[in-house]
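Numbering-wise, the sequence shown is residues 1301 to 1474 according to this note's numbering.
Data block below; observations after.
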Amino acid sequence: QTDSLNGMHQAVQHLIEVHGLQRIAFIRGPQGQSEAEQRYRAYISALEAHGIPLDEQLVAPGDFNPESGRTAISLLLDERHAGFQAVVTANDRMAVGVLGALQERGFQVPAQVALVGFDDIAEAQALGVPLTTVRQPFYTTGQQAVQQLLRLIQGETVLSRTILPTELVIRWSC
1301 QTDSLNGMHQ
1311 AVQHLIEVHG
1321 LQRIAFIRGP
1331 QGQSEAEQRY
1341 RAYISALEAH
1351 GIPLDEQLVA
1361 PGDFNPESGR
1371 TAISLLLDER
1381 HAGFQAVVTA
1391 NDRMAVGVLG
1401 ALQERGFQVP
1411 AQVALVGFDD
1421 IAEAQALGVP
1431 LTTVRQPFYT
1441 TGQQAVQQLL
1451 RLIQGETVLS
1461 RTILPTELVI
1471 RWSC
């Protein structure tokens, strides 16, 4: 398992400390999914650590798919008329949808709205505005899983859980 909590905390902290932003919207992942819940808790924790109250009007549901990012922007802007300086998404795929929805509405990323995702998928670098994101060590995660499986097959005891570090990758979107 990757350190979603610390990775997301770093991302939100970056927007607050480096860019001086306080109105930060968050698009959640699927309800009940452990990594999605950790990332949401990290968002709340980073706001609290900087004395920024949680504004529920800036939190939108998502399901890790690009279309839910688009839907979240519609909810935030068209229904709630929420003003925000940045959008943080629980994964990069939703950030792709957010970027498209913002650009269709005439918002400049990052000049008017900063955008941060999570995962560092290949598309994150290839977008018209390369995405600031939290990199998960996918290769290392797979490698660790295979090593654990081999130990189990050999009858060895394995750790019930291993937490792998994440890394904040700063690109143009913030």
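Note that the Cβ used here is the ideal one computed from N, Cα and C, for glycine as well.
It should be emphasised that the depicted structure is a prediction, and the values quoted were computed from it without experimental measurement.
Separation of residue j from residue i, as counted between CA atoms
i     : j     : result
Q1425 : G1400 : 15 Å
M1394 : E1456 : 40 Å
D1392 : V1434 : 9 Å
Given residue i as reference, the closest of the options once Cα atoms are compared
i     : options                    : result
Q1322 : S1473, V1413, F1418        : V1413
V1324 : G1332, L1305, S1345        : The question names Val, but residue 1324 in the sequence shown is Ile. Checking every option, the nearest Cα to that of I1324 belongs to S1345.
N1365 : R1435, F1418, I1453, L1305 : F1418
E1373 : Y1343, F1407, I1352        : The residue asked about is misnamed: residue 1373 is Ile in this sequence, not Glu. Closest by alpha carbon: F1407.
D1355 : Q1310, A1336, I1327        : I1327
Q1385 : R1370, R1451, V1312        : V1312
G1428 : D1420, L1452, Q1403        : Q1403
A1411 : L1468, C1474, V1318        : C1474
Q1333 : P1361, Q1454, T1466        : P1361
Beta-carbon proximity list for residue i, same chain, < 7 Å, skipping 5 on both sides
i     : result
H1350 : I1316
V1387 : A1325, I1327, V1398, V1413, L1415
Q1436 : T1302, D1419, D1420, T1466
Nonlocal neighbours in the same chain, by C-beta distance under 6 Å from residue i, ignoring five residues either side
i     : result
I1470 : T1432
D1363 : P1330
Any chain D beta carbon closer than 8 Å to residue i
i     : result
C1474 : Given the protein chain composition of this structure (a single chain), no chain D is represented.
* To do: At 4 residues or longer, and completely inside the stretch 1381 to 1416: list those alpha helix (DSSP H) runs for me, N to C.
  => Listed in chain order, the complete alpha helix (DSSP H) runs (minimum 4 residues) inside the stretch 1381 to 1416 are 1392 to 1404.
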